[in-house]
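Visitor: Residue numbers (UniProt numbering): 1 to 323.
Just so you know, even glycine gets a beta-carbon here, dropped at the ideal spot from N, CA and C.
This structure is in structure tokens; I'll ask about it shortly.
Take a look at the structure:
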């Protein structure tokens, strides 16, 4: 693909080849009239190349994704040898301030895309993100974490039947890759419709920073940038010998009882059908329910909450691997 080194224009500001610029996106204020700015950090090389977006914080409480993008900036990995790298460490700055998943209007930003210029607060953010940023982007990596107390193993999620995304996932080389259909209203779905190839990274849990997950995200991003000839010559990408595990189908195991949760299963491990995964007990020492694996597979998400309720999602286990 031939890339041109045109002037990049975002929110009425021009960024020239070889230039670095932080652009603050201001769409709304707090109810106290305090301004909230979303920094968009743009680094351009003098040589032409693709434009890659590295984003996080679509859900305000998924701090581990923000830490990954922050580290990419601190380590100057975002300074490309060719092309352009756009970093948005926090998209949902409102949720980040309040350490909540949603926007102040109660909406999940990842369900309101493509948004509306005159819609709800979350909808307006979605609209401007697609209007101002995404038209310039060729590839994107969006970093997420598990919701509530559910800890995700480091994984890439891609839509099925898309060979280019499959190849990119192989380059990123997370321990697990899940085939997952695009969800209506999601950032990933809107990017796909606009021709942007997006890898969605999941790892860790909300309101938490995990060093291993952070490193998985950083190294995967470096491998992708290296593939496009964008990785700074002073930076080196690691290339693990272990193969990624591709999961065609998976299913949640839900708690059949409420009580105190005692997990015995390590995230990322392979379990056999009938293996004891956890127990759920009452607080008085009289009752203890065993939770066993309904099938053999890899554990890609674990609920780390000490207390669970009947119906809570506890374990996410693969049911069918790519052949």
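Out of 292, 14, 175, 256, point me to the one whose CA is closest to residue 326's CA.
Guide: Absent from the model: residue 326. The displayed extent of the chain is 1 to 323, so no value can be given.
Visitor: Could you spell out the range, first to last residue, of the beta strand (DSSP E) harbouring residue 250?
Guide: One-based indexing of the chain shown puts residue 250 at position 250. Residue 250 -> beta strand (DSSP E) spans 245 to 254.
Visitor: So which of 283, 239, 147 has the shortest CA-CA distance to residue 304?
Guide: Indexing the chain shown from 1 puts residue 304 at position 304. Closest option to residue 304, Cα to Cα, is 147.
Visitor: Quick one: Cα of residue 311 to Cα of residue 259, how far?
Guide: Translated into the one-based positions of the chain shown, residue 311 becomes position 311. Translated into the one-based positions of the chain shown, residue 259 becomes position 259. For residue 311 and residue 259, the distance between alpha carbons rounds to 11 Å.
Visitor: Compare the Cα-Cα distances from residue 249 to each of 87, 283, 68, 178 and report the closest residue.
Guide: Stepping through the chain shown from its first residue, residue 249 is reached at position 249. Residue 249 has its Cα closest to that of 178, out of 87, 283, 68, 178.
Visitor: Take the Cβ of residue 276 as the centre, count every other Cβ of all protein chains shown within 10 Å, and call the residue buried at 16 or more, exposed below.
Guide: Residue numbering aside, residue 276 sits at position 276 when the chain shown is read from its first letter. The residue is exposed, with fewer than 16 neighbouring Cβ atoms inside 10 Å.
Visitor: Starting from residue 220 and walking both ways along the alpha helix (DSSP H), at which residues does that stretch end?
Guide: Numbered from 1 along the chain shown, position 220 holds the residue referred to as residue 220. It spans 211 to 227 - the alpha helix (DSSP H) in which residue 220 sits, taken as one unbroken run.
Visitor: Tell whether a beta-carbon distance below 8 Å holds between residue 49 and residue 187.
Guide: Locating residue 49 in the chain shown gives position 49, counting from the first residue. Locating residue 187 in the chain shown gives position 187, counting from the first residue. Not a contact, by the Cβ cut-off of 8 Å.
Visitor: Using the C-alpha atoms, what's the distance from residue 306 back to residue 256?
Guide: On the chain shown, position 256 is the one that residue 256 refers to. On the chain shown, position 306 is the one that residue 306 refers to. If you take the alpha carbons of residue 256 and residue 306, they lie about 15 Å apart.
Visitor: Hey, would you say residue 92 sits closer than 8 Å to residue 57, going by beta carbons?
Guide: Translated into the one-based positions of the chain shown, residue 92 becomes position 92. Translated into the one-based positions of the chain shown, residue 57 becomes position 57. Cβ atoms of residue 92 and residue 57: closer than 8 Å.
Visitor: Indicate whether residue 104 and residue 121 have their beta-carbon atoms separated by less than 8 Å.
Guide: Taking the chain shown and counting its residues from 1, the one referred to as residue 104 is at position 104. Taking the chain shown and counting its residues from 1, the one referred to as residue 121 is at position 121. The answer is yes: Cβ separation under 8 Å.
Visitor: Can residue 76 and residue 182 be called in contact, C-beta distance under 8 Å?
Guide: As a first step, residue 76 is located in the chain shown; it is residue number 76 there, counting from the start. As a first step, residue 182 is located in the chain shown; it is residue number 182 there, counting from the start. No, they are not a contact pair.
Visitor: Look up residue 310 in the DSSP assignment and give the residues it is bridged to.
Guide: Position 310 of the chain shown holds residue 310. None, per the DSSP bridge assignment.
Visitor: Could you round the C-beta distance between residue 51 and residue 84 to whole angstroms and report it? I think they count as a contact, below 8 Å.
Guide: Stepping through the chain shown from its first residue, residue 51 is reached at position 51. Stepping through the chain shown from its first residue, residue 84 is reached at position 84. 4 Å between Cβ atoms; contact.
Visitor: Given a cut-off of 8 Å, decide if residue 145 and residue 325 are closer than it, judged by their beta-carbon atoms.
Guide: Residue 325 lies beyond the residue range present for the chain, which begins at 1 and ends at 323; the question has no answer from this structure.
Visitor: For residue 132, which residues in the same chain have their Cβ closer than 7 Å to its Cβ, ignoring the five residues on either side in sequence?
Guide: Reading the chain shown from its first residue, position 132 is the one you call residue 132. The residues are 10, 11.
Visitor: Could you check what DSSP says for residue 65 in three-state terms: helix, strand or coil?
Guide: Against the chain shown, residue 65 aligns to sequence position 65. DSSP places residue 65 in helix when its eight states are reduced to three.
Visitor: Does the stretch 94 to 111 come within contact of the stretch 154 to 164, defined as at least 3 CB pairs closer than 8 Å?
Guide: no
Visitor: Measuring only the C-alpha atoms, how far is residue 118 from residue 66?
Guide: For the purposes of this step, residue 118 is taken as the residue at position 118 of the chain shown. For the purposes of this step, residue 66 is taken as the residue at position 66 of the chain shown. Their Cα atoms are separated by approximately 28 Å.
Visitor: Short of 6 Å in beta carbon distance, which residues of its chain neighbour residue 19, apart from the five on each side in sequence? Order them along the chain.
Guide: Translated into positions along the chain shown, residue 19 becomes position 19. Answer for residue 19: 44, listed in chain order.
Visitor: In the structure shown, what three-state DSSP assignment does residue 145 receive?
Guide: On the chain shown, position 145 is the one that residue 145 refers to. DSSP places residue 145 in strand when its eight states are reduced to three.
Visitor: Helix, strand or coil for residue 166? Go by DSSP, reduced to three states.
Guide: Counting from 1 along the chain shown, the entry for residue 166 is found at position 166. The answer is helix: DSSP assigns residue 166 an H, G or I state.
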